[in-house]
Amino acid sequence: MALSAFAFTYSKRARFFLFETGHSIISAMADTQKSPLFTIAEVEGEGPVRLYLIHGRRHDFRQWSGNEFGPLREQPVQRIYINIPAANPDFFNDGGLEYCSKFVDWLAKVDQELGPAETRVVAGISYGGLLALHAANHLEFLDSYIAFMPVTDVSRLDTFRFQENSRCSPLSEPPKQSGFITYSVDDTVVGADLLQQLSEMTNSTVLVTDGLGHTTSPEQSNAAVQFLRTKF
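Numbered according to numbering that gives the first Met the number 0, the sequence shown spans residues 0 to 231.
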């Protein structure tokens, strides 16, 4: 189904909103009640780079509106804000195979519908970082990735303490292309030890901070911007 099947609303801030108007490849990915439903929440800006933005587990796309991500929002790029479903342990009953595979398939169809872009980058925060890293490793059209304190082992999270993501672990299948990873050495939520291990396995620009725990700072966002600017 073409993008004409969606209602577009234009605002003075040059912002477009996509609303679901039936069964579309952009939002209809729930085959069963336990299957994930991914949606495009907002499309904003324009430029040679298409930047997919995936929020964390306890948030929605508005997490990217925080002051710490201001530098990213100011870049001359097309920003695609993705909403991922609320965390559900059932997503990882099979090691995350169905969940992560459906996200990859969905994102591929979304990108096809959105049309050409010179460069495509996927960015994720925490739990969204897990999906960003997995997508980067499985979608050839993605040129790079940005991961803020990404999850690598879902069992480190309270919601998934009895689950595992062996079928979509960036520690088992690290992205092949270059990217940007940042985290704090005192992050006990996703595990700074795992992020150090991941960083050593990838061709990434890495910024390690201290004292932030499982949060993000403007410094990290600025560093991500500097990396992003190398893509256009």
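Every residue gets a Cβ at the ideal spot worked out from N, C-alpha and C, and that includes glycine.
Quiz prompt | Any beta strand (DSSP E) of 3 or more consecutive residues that is wholly inside the segment 157 to 215 | solution = Runs of the beta strand (DSSP E) lying entirely within the segment 157 to 215, each at least 3 residues long, are 178 to 183, 203 to 208 in chain order.
Quiz item: What whole-angstrom Cβ distance do Gly190 and Arg155 have, given they're in contact under 8 Å?
Solution: Residue 190 sits at position 191 when you count from the first residue of the sequence shown. Residue 155 sits at position 156 when you count from the first residue of the sequence shown. Their Cβ separation, rounded to whole angstroms, is 5 Å, which keeps Gly190 and Arg155 in contact under 8 Å.
Self-check item: At least three beta-carbon pairs within less than 8 Å, the segment 104 to 113 to the segment 158 to 172
Solution: They do not touch, by the three-pair rule.
Quiz item: Excluding five sequence neighbours on each side, which residues of the same chain lie with their C-beta closer than 7 Å to the C-beta of Gln219?
Solution: Indexing the sequence shown from 1 puts residue 219 at position 220. Correct list, in chain order: Phe147, Thr181, Leu206, Thr208.
Quiz item: Looking only at C-alpha atoms, which of Glu112, Arg166, Ile39 sits nearest to Pro84?
Solution: As a first step, residue 84 must be located in the sequence shown, where it is residue number 85. Minimum Cα distance to Pro84 is reached at Ile39.
Practice problem: Alpha carbon to alpha carbon, how far is Glu43 from Leu96? Give it in angstroms, no decimals. | Solution: Along the sequence shown, read from residue 1 onward, the residue named residue 96 stands at position 97. Along the sequence shown, read from residue 1 onward, the residue named residue 43 stands at position 44. One Cα belongs to Leu96, the other to Glu43, and the distance between them is close to 31 Å.
Practice problem: Return the CA-CA distance between Pro75 and Gly69, expressed in angstroms with no decimal places. | Solution: For the purposes of this step, residue 75 is taken as the residue at position 76 of the sequence shown. For the purposes of this step, residue 69 is taken as the residue at position 70 of the sequence shown. Their backbone Cα atoms lie some 13 Å apart in a straight line.
Quiz item: Which two residues bound the contiguous alpha helix (DSSP H) that contains Ser143?
Solution: Translated into the one-based positions of the sequence shown, residue 143 becomes position 144. No alpha helix (DSSP H) holds Ser143; the beta strand (DSSP E) holding it covers 143 to 147.
Quiz item: Cβ atoms of Leu50 and Ala122: under 9 Å apart, would you say?
Solution: Within the sequence shown, residue 122 is the residue found at index 123, counting from 1. Within the sequence shown, residue 50 is the residue found at index 51, counting from 1. Yes.
Quiz item: DSSP on Asn82, reduced to helix/strand/coil?
Solution: Counted from its first residue, the sequence shown places residue 82 at position 83. Of the three classes helix, strand and coil, the one that applies to Asn82 here is strand, per DSSP.
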